[in-house]
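In our numbering, the protein residues as written are 336 to 491.
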């Protein structure tokens, strides 16, 4: 199927049925699919669940931590894996080089102030797609099998 406009028709399908479709609306793909294949120039370069594809590349992450009070001498930037920190009122936003630094940042904040809420933001499917299909890559990435996929001519 090319670019379905609604996931409703998939919701009615038997869960054991496999469905294959092509779609450029990546938010819709993630909402409907439990496994994704990414094609680049006719080659299957990656397959897996959205979570597995994110883990394979580990493009970093960010967290938003709402705290009761932001400590005056907060020095999260000095921690391994922390790329940058921004303070927005009572929220600490940390951009991380890899997702493993999340726990350390949250623990550090929890030792110094009361943590009220934590929101973990994952790499978007669009960023994953762009990384897997970026030019200059010689080999298929991560879980991709590198399987050649037959090209379809328009109108076939």
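The beta carbon of each residue, even a glycine, is placed where N, CA and C say it ideally should be. Just so it is clear, the structure is predicted and the values come from calculations on it, not from any experiment.
Range covered by the beta strand (DSSP E) that runs through residue i
i: residue 439; result: No beta strand (DSSP E) contains residue 439, which is instead part of the alpha helix (DSSP H) from 436-447.
i: residue 374; result: 371-375
Which listed residue (the options) has its alpha carbon closest to that of residue i
i: residue 403; options: 360, 423 and 417; result: 423
i: residue 450; options: 391, 398, 418 and 466; result: 398
i: residue 446; options: 374, 409, 434 and 378; result: 409
i: residue 453; options: 432, 444, 411 and 401; result: 401
i: residue 469; options: 375, 361 and 412; result: 375
i: residue 460; options: 414, 382, 419 and 437; result: 382
Between the CA atoms of residue j and residue i - distance to the nearest angstrom
i: residue 355; j: residue 366; result: 14 Å
i: residue 380; j: residue 416; result: 28 Å
i: residue 371; j: residue 462; result: 14 Å
i: residue 429; j: residue 455; result: 10 Å
i: residue 369; j: residue 388; result: 12 Å
i: residue 357; j: residue 384; result: 16 Å
i: residue 444; j: residue 434; result: 16 Å
i: residue 392; j: residue 467; result: 9 Å
i: residue 476; j: residue 390; result: Any answer about residue 476 is weak, because its pLDDT of 43 lies below 50 and its placement is not dependable; what the coordinates show is given next. Roughly 12 Å between the two C-alpha positions.
i: residue 412; j: residue 436; result: 11 Å
Bounding residues of the alpha helix (DSSP H) (the contiguous stretch that carries residue i)
i: residue 465; result: 460-467
i: residue 390; result: 385-392
i: residue 362; result: 361-367
Integer Cβ distance of residue i from residue j, believed to fall under 8 Å
i: residue 425; j: residue 405; result: 6 Å
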